[in-house]
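For the sequence shown, the numbering used here begins at 2 and goes up steadily by one. For each residue, glycine too, the CB sits at the ideal point set by N, CA and C. Data first, discussion second: the structure below is written as structure tokens.
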Amino acid sequence: MTDFGNQYMVFREEKKTHTKVRPPSFKSIQEGNEPRLAVIRYFLDRPGYGLHNSVARIWFDPPEICSPAHVSLFLKQQDIALPGLLVEVYLDKFQSFMLIEGCEASGIEWDFSDSSPQNPGILNIRLTDLQSPHWQEDLSLSFKPSMIASTAGSTATSQSSKALGDSMPTTSHCHEKKGGPEHANSVPLGLFSFSLMVGLETTALMGTLFPGSVEPSFRLAWGPYMFFVGGLLQVIVGTLQVFRNNLYGAVAFLGFGTFWFSNGAESILETYFASEGSMAESLLEGPVDSIGSFIRVLFVFLFTCALWKQTFVMSKLSTTLISLLCAKLIVHAFRLLRDDQDGALAYMQLIIGWLTSAFAFWMFLVEFTNGVYKNQVYPTYKWSEEHSPEEVFGASGNVGTLQSKAARLRQAKFLNYHRKVHTSLPRGQKFGGCDVSENKGDNGELETIKDTSKTS
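This is how it looks when you write it as structure tokens:
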């Protein structure tokens, strides 16, 4: 707090006198009364941020005695109190910050009765990001948060220092807000698809290692299964995970879905379109492309290693599955490089393939059962009981980060706020040049606003 106090005093000493504010023609001005004026200064609670790089908003004709509800309404109308922000006000008398809700509960108010354009009241506000795992920040310009109801405050009043003011509660009610409708968890379907594909791939390898164990007609179904069950189905699952903000599931299923798409298309072309005299036939009869196949599988292996690293914030089940997959891929890559058709590497791939398929099926059963019963029927073995997600194959990503929150706050809307008032304010209480009358609409709520900012 000492650093903030030093910033506060330096800012006061460097205050320029050439800045003037020409207020609008409120009724109070036309009646000969000097207009009131307050400056709202706000900054993000981040390293290096403070009053020296704060952003200001001018509040024309604030109430003489300003309650936390008034400031909350002003901040929300200005799009300053964004969702996901903790709003605190600096109380210079106590040399500390206080939540706006705490100011309201403590009966703190701000006296702007003697403020003016020449001697404005100033409220200093600190905005802090909340770290909630379910929070989804709404950065839409059309966001219209619901106004908070004002409560009858206590009589305890804190005098605001006009030059450097009390900070008054800025309202950013930090209720968690879902970014969209709830979606069912489709990850179990993706896990089953993965288990089936690895199992069928290993079955095809068995046909090579043990002639006669699998009929050649197996290829007729193997290609379409890769294309539709492995490719199309996993891409659909990955797309659905995007809407659930499951970043991990989206990346994994979209990535492997496209891999299976490619493998399935290759198998279908070899099986159905390699007619005599075609280019496919001549390519298939040529030498095996060991180097190209090795590089292709190696890139898939590197992609899987990236997935493996992220599993340490999830569960030990997901870590085990991706570890098995990494082992399978690296063995497969070197088998292709050495053109090992029935050697030791082929048998290693066969064993690891069946282990991977079986473990993926177990994860499908765990995720599906726990989701249906809405309880942890089967243990998921989280890496962290406090931070790991409930799902065994999911981790959320950042939302709304394509636009900097700092830039978003600097572009907060300038609204004609002195013409608007929340109907929950007490009857007859002025806010920004407006009076609230008690006329009610069809829904029984206050809705008529008498504009006192103009003369007839």
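- By the Cβ criterion, the stretch 87 to 103 is in contact with the stretch 111 to 126, since at least three pairs of Cβ atoms, one from each stretch, lie closer than 8 Å.
- In the three-state reduction of the DSSP assignment, E89 falls in the strand class, which pools E and B.
- F193 has its alpha-carbon roughly 15 Å from the corresponding atom of G372.
- Taking 9 Å as the cut-off, the beta carbon of V238 is found closer than this to the beta carbon of G250.
- Inclusion of S316 and W384 in the CB contact set at 9 Å is warranted, their separation being smaller than that value.
- Three or more beta-carbon pairs separated by less than 8 Å are not found between the stretch 210 to 220 and the stretch 376 to 393, which leaves the two stretches without contact.
- In the structure shown, the three-state DSSP call for R220 is helix.
- Counting other Cβ atoms within 10 Å of its Cβ, P121 reaches 16 or more and is therefore classed as buried.
- According to the DSSP assignment, N264 belongs to the alpha helix (DSSP H) that extends over 248 to 273.
- Under the Cβ criterion (8 Å, minimum of three pairs), the stretch 341 to 349 counts as touching the stretch 196 to 212.
- T129: member of the beta strand (DSSP E) spanning 122 to 130, first to last residue.
- Using a 10 angstroms sphere on the CB of L190, the tally of other CB atoms reaches 16 or more, which defines it as buried.
- Judged by DSSP secondary structure, S196 falls within the alpha helix (DSSP H) whose first and last residues are 188 to 210.
- Judged by DSSP in its simplified three-state form, F313 adopts helix.
- Classified as buried, E202 has 16 or more neighbouring CB atoms from the shown chains inside 10 Å of its CB.
- For V373, there is no enclosing beta strand (DSSP E); the residue is found in the alpha helix (DSSP H) stretching over 345 to 374.
- The criterion of a C-beta distance shorter than 9 Å is satisfied by I353 and K329.
- For Y43, the three-state secondary structure derived from DSSP is strand.
- Its Cα nearest to that of G395, the residue L308 stands out among Q377, L308, G49.
- Counting only residues of its own chain and dropping the five nearest sequence neighbours on each side, S114 has a CB closer than 6 Å to the CB of E65.
- Cα atoms of A361 and I292: separation of roughly 30 Å, rounded to the nearest angstrom.
- DSSP, read as helix, strand or coil, puts K383 in strand.
- Looking at the backbone, the Cα of D341 and that of A334 are separated by about 10 Å.
- Here L326 is actually not in contact with L356; their C-beta atoms are around 10 Å apart, not less than 8 Å.
- Taking L322 as reference, the option from Y382, E110, V378 with the minimal CA-CA separation is Y382.
- DSSP lists E89 as the bridge partner or partners of L100.
- Within the model, the alpha-carbon separation for L38 versus C104 is close to 21 Å.
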